[in-house]
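Numbering (my numbering), first residue to last: 1 to 573. Just so you know, even glycine gets a beta-carbon here, dropped at the ideal spot from N, CA and C. Just so we're clear, the structure is a prediction, and the values are computed from it rather than from any experiment. Below is one structure; the comments refer to it alone.
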Amino acid sequence: MRTGRCGELTLDDVGSHVRLCGWVARRREHGEHLAFVDLRDSTGVIQCVVEGSVELRSEYVIAVSGVVRRRPEGMENPALTTGAVEIGDCTVEVLATAEPPPFLVDDRAEVDEAVRLRHRYVDLRRPRMQRNLRLRAAVVRAIRAAMDAQGFCEVETPLLWAPTPEGAREFAVPSRLHRGDFYVLPQSPQIAKQLLMVGGFDRYYQIAKCLRDEDLRADRQFEFTQLDMEASFVTQEDVLGFVSEAVLDAAQAVTGERPPPIERMTWEEALDRFGTDKPDLRIAAELVDLGEVFAGTEVRAFGGPCVKALRVTGGGTMSRSRLDTLVERAKALGAKGLAWFRVVDADGASALESPLTRAMSEGEREGLLAKTGAVPGDLVLAVSDEHRSACTVLGQLRIEVLGRPVGEGPHRYVWVVEFPMFESIGADGHPVAAHHPFTMPHPEDLDRMATDPLSVRSQAYDLVLNGWELGSGSVRIHRADIQARVFAALGISDEEAESRFGFLMGAFRYGAPPHAGFAFGVDRLVAIFAGEESIREVIAFPKTQSGADPLTGAPKPLSASSLAELGLRIAAR
RNA sequence: GGACCUGUGGUGCAGCUAGGAGUGCACGCCGGCCUGUCAAGCCGGAGGUCGCGGGUUCAAAUCCCGUCAGGUCCGCCA
C-alpha cells in the first residue's frame, strides 16, 4: 500500500517515486494552483506539494503518490527532520474522511487530560505519545533480552488467582461455575513465582500485569506492569546483579549510554542522610546531625532526642509568611515544630536571624553554622524529635523546598539494602512486617526476633531512581523453622498461616530451594526515561484518579441477566 | 475518609478580589481571496446550559451552600 514512511525520507531519496500513507497534519492552500499538504505517519511529517487545489481537511487519511525532490534554495524547513526534501507532482487519494479533531494533533497544543483520555485515539497520534509508547516497547525489549541472556525463563502465571489477603485490596472476579465464589486478580505474582521455584524453574521472569484496588496517584494505576523475577540457589548479591543488568541494559538501549554501576546504601544510612528510604540523589543537600551542637542545650525546642538540620542554599530571602507555611507543613508531616535560621552577613561574619537565636549560646550558634556549612544568604531548617521523625520530616521538606527536578539531570540509581524486618508495633502488640512475611531476616539479627523485633534487619532491598521507588525484593524464607518464628513474631497463628498461605507452606514441605527475587515497575522506569511526571503518559489507556476510563466509560453497571448468572445482587447504597 | 487547585463556544486562556446585557484574546471550524508556504497570510462568518443544583440580590460567570468531574497530595499501596 505504501513504499515507505514519511519521516524516513532524506536527500538520498531524491528522484524516487514514492507512495506514502498517513494523516493530513496541516495544509496550506494558495488558490487553485498550489497547495502544501503536510502528511503525518508514525515516523514524522513530510511536505507534499500539489499543483492544483485539494479537497482535504485535517486528519483525513490519505495516500499520496509523487516524486521525492530537493526543496528549492531557501525553502528548507529545519524544524522538520524531512525539511530538506518534499514530495512533488502529488496525486492524492482519500482513504478515509475525518471530522475535525477535538484538539490539535500537535505536542504544542496543551490539552486537558480528561479531553485527551476521552479521545485517546487522537491523542496517541501526537508525537509525545508515539515517542513514549515506542520508548516503552524498547525498554521492555531490552529487559527481556537481558533476562534471557542471564538464563531466565519467561513463565506466565494466572490472572485468576485465589484470594490470599496480603495487604493491598484485591479486585474480585465472581465465578459463574462456582456461584458465590470468587477469584481475585493478583496484586503481584509473588506466591506463584515462589511455587515456580519449588517447581524447579530456578530462574524465572515475567513482564507481569499486577492489579491493586488502591487509590490512584501520578505514579500509581490500578493495573501496572512489573518485571517480576525470582531465582533459586542465589544470594541477595546475585539478585542485585541480575536486576542491575536488566535496568542498566534498558537505560543503555534508550539513552545510548550505559550508566555507571548502581551505588548502594543501607536503609539506616538513607534515612539518616536523606530522611527517606527512596532518596533523590540529584538533590545534593543532605541532612546534618546537630546532636553534638545541642547536647545539654537550654533551648527547649532542641531538647528532643535528635536534632537534624537542612541547609537551604539561597533560602535566606524567604519571606516570613513562606516560613510560616513551612512550619505548618512540618507540623502536618508530624513534627512538633520547625526551627528556621536566616544566615546574614554581620560585618563580614555570618550571623543567624531567628526567633530562637536569643536563647542559644554562642557555641550553639557557631556550631550550627559550622556543621551545616551555611553562608550568608542561606536558610537552615531544623527539627528536634525522635530520630526517625526528625529525619523524615526534613527529608520531605528537602524535596519540597529544594524542588525535585522533573525530566532533567542525570539518572541516579541507588540500591537501598538492609531494610528493617518490621516497621512498627501494631495495635495488637505484634510488629508489622515491612515487606512481606516470607522475607528472610538478616542472619546476624535472628536472635533478636522475639526480644527486640524493631532492631531486626531483613534481607530486603529496594531499587530507587531519582527519588522514585522502582521496585523491591528480598531473600525468601525457605526453612519451615524460620518461617514459623516469623509468623510467631507477627502474631500469625498456625491456623491463620494455614488458611492464608497453606498451599505455599505445603509446597515448601516437598523440597524448597533457597530463593530470592525482585520486581520493579516498568511504568515508572519508562516514565523517568521519558521525562514524564506521571505514568499515565507512558500507558496507552490509563484510568483517571477516580479509577474511571473516560473513553469506554468503565466502570459500568452489569446487566441484570449477567448479575443473575453470576449469582450477584447489588446492595442498596 | 481528608486537604488543596481547576471547571467560561471544539481547544487553550482572560473576565471573578470590587455583582450590572455572554464581554475579550489566541487557536480551531465554515465561506471567500491568494502560485513557495510551513502552527501560511488576508477578508468575512458561525459557534455558549460560564460543569450541575440551590441560595442571597432589583440583578450572579462573579458572592454563599451543596454536588459532580479532572488534577496534586495525605491516609491507603504487606
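Along the chain, where does the alpha helix (DSSP H) that runs through residue i open and close?
i, result
"W660", "As shown, the chain starts at 1 and ends at 573. That puts residue 660 outside it, with no answer to give."
"P127", "P127 to A149"
"E565", "A560 to L566"
"Y589", "The chain is shown from 1 up to 573; residue 589 falls before or after that span and cannot be answered."
"A480", "A480 to L490"
"V198", "Q190 to V198"
"A497", "D494 to F508"
Grab me the residues of residue i's own chain with a C-beta within less than 7 Å of its C-beta, minus the 5 sequence neighbours each way, in chain order.
i, result
"L34", "E51"
"V239", "A231, G473, A516, G517 and F518"
"P170", "For clarity, residue 170 is Glu in the given sequence; the question names Pro instead. Closer than 7 Å at the Cβ level, and outside the excluded window around E170, lie P163, V184, L185, Q187 and D213."
"A507", "L195 and V198"
"K543", "L216, Q221, F222 and D549"
"V375", "V343 and S350"
"L470", "L463, V464, F520, G521, R524 and L525"
"R126", "V105, D106 and D107"
"G83", "E76 and N77"
"A450", "A489"
What number of angstroms, rounded off, separates the C-alpha of residue i from the C-alpha of residue j?
i, j, result
"R512", "A554", "In the sequence under discussion, the amino acid at residue 512 is Ala, which differs from the Arg named in the question. Each residue's alpha carbon lies about 42 Å from the other."
"R365", "A285", "20 Å"
"M75", "Q47", "11 Å"
"A96", "V37", "16 Å"
"L338", "F302", "10 Å"
"G363", "E268", "29 Å"
"A540", "K209", "14 Å"
"E91", "V115", "It should be noted that the sequence gives Thr, not Glu, for residue 91. If you take the alpha carbons of T91 and V115, they lie about 35 Å apart."
"A489", "E113", "47 Å"
"L379", "E328", "17 Å"
"V299", "L271", "25 Å"
"R179", "V173", "11 Å"
"C306", "M197", "45 Å"
"D345", "G316", "11 Å"
"V85", "V61", "22 Å"
"L463", "C391", "20 Å"
"R136", "D107", "18 Å"
"D257", "L248", "The residue you asked about is not Asp; residue 257 is Glu in the sequence shown. Using only the alpha carbons, I get a separation of about 9 Å."
"R57", "G409", "41 Å"
"A295", "S384", "12 Å"
"V105", "D148", "39 Å"
"E99", "E59", "8 Å"
"V122", "E93", "21 Å"
"A359", "Q483", "54 Å"
Specify, as a first and last residue, the run of the beta strand (DSSP E) that residue i falls within.
i, result
"Y461", "A460 to L465"
"H515", "H515 to G521"
"E469", "W468 to V475"
"V173", "F171 to P174"
"F182", "F182 to L185"
"A571", "From DSSP, A571 is part of no beta strand (DSSP E); its letter is neither H nor E."
"V538", "Taken as a continuous stretch (DSSP letters only), V538 belongs to no beta strand (DSSP E), as it is neither H nor E."
"A433", "P431 to A433"
For the putative contact between residue i and residue j, defined by C-beta atoms under 8 Å, what is the C-beta separation to the nearest angstrom?
i, j, result
"G275", "G373", "G275 to G373, Cβ: 18 Å. No contact."
"L11", "R70", "6 Å"
"A309", "A142", "About 42 Å separates the two Cβ atoms, so there is no contact after all."
"M421", "R457", "6 Å"
"P437", "I492", "7 Å"
"S389", "G334", "6 Å"
"R282", "P405", "6 Å"
"F341", "L323", "Contact doesn't hold; Cβ gap of about 10 Å is too wide."
"K371", "L290", "6 Å"
"F152", "G521", "Contact doesn't hold; Cβ gap of about 18 Å is too wide."
"Y205", "L227", "7 Å"
"V117", "L504", "Val is not the amino acid found at residue 117; the sequence shown has Leu there. Their Cβ separation, rounded to whole angstroms, is 39 Å, which puts L117 and L504 out of contact at 8 Å."
"I262", "W415", "6 Å"
Quick one: residues in its chain with C-beta nearer than 8 Å to the C-beta of residue i, no 5 flanking neighbours on either side, listed in chain order?
i, result
"G15", "V67, V68 and R69"
"R509", "A480"
"E537", "R128, M129, N132, A527 and A530"
Kindly list the residues whose CB is nearer than 6 Å to the CB of residue i, restricted to its own chain and excluding five residues on each side of it in sequence; keep chain order.
i, result
"F103", "A109 and V111"
"R5", "D41 and T43"
"G304", "S384 and D385"
"G367", "V293"
| Of all the beta strand (DSSP E) runs that stay within the bounds of the segment 10 to 51, which reach a length of 3 or more residues? | For the segment 10 to 51, the continuous beta strand (DSSP E) assignments of 3+ residues that do not extend past its boundaries occur at 17 to 29, 35 to 41 and 44 to 50, in sequence order.
| query | Hey, which unbroken runs of the alpha helix (DSSP H) at 4 residues or more fall wholly within the segment 214 to 280? | reply | Within the segment 214 to 280, the complete alpha helix (DSSP H) runs of at least 4 residues are 236 to 255 and 267 to 274.
| said: I'd like the ranges of any beta strand (DSSP E) spanning at least 3 consecutive residues and lying wholly in the segment 354 to 423. | reply: Taking only runs of at least 3 residues, the beta strand (DSSP E) segments lying wholly in the segment 354 to 423 are 379 to 385 and 413 to 417.
| request: Could you tell me which uninterrupted beta strand (DSSP E) segments, each at least 3 residues in length, are contained entirely in the segment 293 to 339, listed from first to last along the chain? | output: Under the rule that a run must span 3 or more residues, the beta strand (DSSP E) segments found entirely inside the segment 293 to 339 read 306 to 312.
| Every unbroken beta strand (DSSP E) within the segment 53 to 139, with a cutoff of 3 residues, ordered by chain | Within the segment 53 to 139, the complete beta strand (DSSP E) runs of at least 3 residues are 61 to 70 and 85 to 96.
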